[in-house]
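Going by UniProt numbering, 183 is the number at position 183 of the sequence shown; the sequence numbering is gapless. Don't be surprised by glycine CBs; every beta carbon is placed ideally from N, CA and C. Everything numeric in this text was worked out from a predicted model, so none of it was measured. The structure under discussion appears below in the form of structure tokens.
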Amino acid sequence: MSKQIFLIDGQSFYASVEKAAHPEYHNKPVAVGDPSRLNGIVLAACPIAKSRGVTTASRVGEALAKCPDLVVIRPRMRTYIQISLLITEIFESYTDLVEPFSIDEQFLDVTGSLGYFGSPYEMAKIIQDHVLVSTGVWTRVGIGPTKVLAKMATDNYAKKMPEGIFELSFEKLESTLWKLPVNHMFMVASAMTRHFTRMGLYCIGDIARLELAEFKRRMRREMGKQSDIQAEYYWQTARGIDPSPVVSGIRHQLKSVSHGKALRWNLYSRLRDIEIVLLELVVEVCRRTRQHHFLGGVVSVSAVETDGTRSSSFSRQMTLSEPTSLTHEVAAAVHKLFKKHWGGLPVSNLSVSLSQLTEDSTMQLTLFDNRPRAYAKERAIDSIKDRYGSSAIIHASSLTEAGVARERAGQIGGHYK
């Protein structure tokens, strides 16, 4: 028997949560963003706001210019996470196979539950009503025999239908999905769309109808010999093939620890200011690595540079002499990497990561550094931060105008709690 998988998405999730919390805004255009920063971005916009030209990721000032009566509400990330967890609990009352995909999207394998609730459409409607009554969030449900088909059913059809439910089966592919432009396929963005267009593949069906060997041949000609794995992935996606199961829970084996920060580029043109933020990112990455009892063997630095007209980016990594999660050791490598590859333009985004993780049950000792003592000191600092907050102990440089650690301590994922 084929599987029955749902991908359930919360419509304009942050905005829906805020409208449920503020009934007085029911018939008003609402967006979630920082109303005190007109240059900040809109994180979510309700359907009324979208109908008036407000789009996600647009500037708050631009959104207000298009929609003067727009109600802009400051984000509450902790509340959104709590509502997302509540929705997960609702889903788990219907099936134990629930896999969060993002804060507002979750996969459900309902194959073993359909006998209690009827057809997939009937079950989707029951869950949809349950979430709406419990949280005020309207959901859209894509149904398919694989995760990738459920996802594409949601994105391409359920989100555009009044009832918010659409089933995409293998039998329907030729009359539905294959007629869509290739950029409607999952994981195909603008760069890949250009590649496919140059290959003469304009619709999803143009890829699906090719033999795999022929598609690989075209991909090699367009993108090089290393493209075989990509070719197989896109060919399978076009045909709805996806062997990955719905895995309950969100905890998977940790492969890297990273931390990033978007910056106002006009404030970060000097190396000494940029290095303050880099150090703050390193502090957080090392702290989280220690929390998971790992050491990192490879450090990576990524940055986006811009002066308002020109822009460029880089991402570079280096292998450390010894795996570590000590702040001063990682910071030295990060500063070396950044100074070597920075082009000199102001920086609008920075991120630092540690990968090739190994357990910290053993560590390499050195003749000249007391590493056990250094770890004991950092773990003592960690325990203070765990108890009193991330800003309980910070470097003095974070108190300067360039520092962002204190502001970040009051945020979740870069947004207000």
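Go through its chain and collect everything with a Cβ distance to residue i's Cβ below 8 Å, but skip five positions before and after it.
i: Cys203; result: Trp178, Lys179, Leu180, Pro181 and Val182
i: Lys255; result: Ser355 and Leu357
i: Arg263; result: Before going on, a small fix: residue 263 reads as Leu here, not Arg. Around Leu263: Val277, Val347, Ser348, Asn349, Leu350 and Val404.
i: Arg288; result: Val257 and His259
i: Thr197; result: Val182
i: Met223; result: His195 and Gln230
i: Ala45; result: Ser12, Ala15, Pro29, Val30, Ala31, Val32, Val54, Thr55, Thr56 and Ala63
i: Ala374; result: Leu326 and His328
i: Ala332; result: none
i: Asp242; result: Thr146, Lys147, Val148, Leu149 and Gln236
Once the 5 residues before and after residue i are set aside, which same chain residues still bring their CB inside 6 Å of it?
i: Ser269; result: Pro346
i: Leu108; result: Phe6, Phe91, Thr95 and Val98
i: Cys286; result: Ser325, Thr327 and Val330
i: Val71; result: Tyr25, Lys28 and Val30
i: Asp273; result: Ala402
i: Gly136; result: Ala20
i: Val304; result: Ser313, Ser348 and Asn349
i: Ile8; result: Gln106, Thr139 and Val141
i: Leu212; result: Trp235
i: Ser58; result: Val42
i: Leu295; result: Pro323, Thr324, Ser325, Thr358 and Asp360
i: Pro23; result: none
For the ligand ZN, is there any heavy atom lying closer than 8 Å to the beta carbon of residue i?
i: Leu350; result: Inclusion of the ligand ZN in the displayed structure is not the case, the ligand content being empty and no account of it being possible.
For residue i, decide whether its Cβ has a neighbour in chain B, counting only Cβ atoms nearer than 9 Å.
i: Thr306; result: Any reference to chain B falls outside this structure, which holds one protein chain only.
Do residue i and residue j have their CB atoms nearer than 9 Å?
i: Leu271; j: Lys339; result: yes
i: Gln364; j: Glu322; result: yes
i: Met123; j: Leu132; result: no
i: Ser348; j: Ser398; result: no
i: Ala31; j: Ile73; result: yes
i: Ser190; j: His293; result: no
i: Gly144; j: Gly240; result: yes
i: Ile165; j: Arg194; result: no
i: Phe368; j: Gly343; result: no
i: Val17; j: Thr88; result: no
i: Ala21; j: Ala49; result: no
i: Arg290; j: Glu359; result: no
i: Glu284; j: Ser390; result: yes
i: Ile81; j: Ile103; result: yes
i: His341; j: Arg371; result: no
i: Ser134; j: Leu85; result: no
i: His395; j: Glu280; result: yes
Spatial neighbours of residue i within its chain, please: C-beta separation below 7 Å, excluding the five flanking residues on both sides.
i: Ile384; result: Ala392 and Ile393
i: Val334; result: Leu278, Val282, Val299, Val301 and Val352
i: Ser248; result: Asp96, Leu97, Val98 and Glu99
i: Ser244; result: Lys147
i: Lys66; result: Arg52, Gly53 and Val54
i: Ile381; result: Ile393
i: Arg37; result: Val60
i: Thr400; result: Ile276
i: Leu201; result: Val182 and Ile207
i: Gly297; result: Thr319, Leu320, Pro323, Gln356 and Thr358
i: Met199; result: Arg218 and Glu222
i: Phe170; result: Pro145 and Gly240
Rounded to whole angstroms, how far is the Cβ of residue i from the Cβ of residue j, which I believe are closer than 8 Å?
i: Asp69; j: Lys19; result: The Cβ separation is near 15 Å, so there is no contact.
i: Tyr116; j: Glu167; result: In fact, because the Cβ distance is near 19 Å, the residues do not count as touching under 8 Å.
i: Pro47; j: Ser12; result: 7 Å
i: Ser227; j: Arg220; result: 6 Å
i: Lys261; j: Thr111; result: Rounded, the Cβ-Cβ distance is 42 Å, inconsistent with contact.
i: Trp265; j: Thr306; result: 5 Å
Could you tell me which uninterrupted alpha helix (DSSP H) segments, each at least 4 residues in length, are contained entirely in the segment 83–138, listed from first to last along the chain?
The DSSP assignment places 114–117 and 120–135 as complete runs of the alpha helix (DSSP H) inside the segment 83–138, in order along the chain (cut-off: 4 residues).
Are the segment 183–195 and the segment 146–159 touching by the rule of at least three beta carbon pairs closer than 8 Å?
Inter-segment contact for the segment 183–195 and the segment 146–159 is present: three or more beta-carbon pairs are separated by less than 8 Å.
Would the segment 38–51 count as touching the segment 160–179 if we require 3 or more Cβ pairs under 8 Å?
They do not touch, by the three-pair rule.
Meets three-Cβ-pair contact criterion under 8 Å: the segment 204–219 and the segment 227–244
Verdict: yes, contact present.
Can you check the segment 280–344 for any alpha helix (DSSP H) of at least 4 residues that lies completely inside it and give the ranges in chain order?
327–341, all fully within the segment 280–344.
Completely contained beta strand (DSSP E) runs for the segment 138–195, where each covers 3 or more residues:
Here the runs fully enclosed are 139–144 and 165–167.
Pick out the complete beta strand (DSSP E) segments inside the segment 41–82, 3 residues or longer, and give them in chain order.
Correct list: 71–73.
What are the complete alpha helix (DSSP H) segments, minimum 4 residues, inside the segment 193–232?
DSSP runs (the alpha helix (DSSP H)) wholly in the segment 193–232: 204–208 and 212–223.
Threshold first: 3 residues or longer. Then list the beta strand (DSSP E) segments lying entirely within the segment 355–386, N to C.
Secondary structure within the segment 355–386: not one fully enclosed beta strand (DSSP E) run of 3 or more consecutive residues is present.
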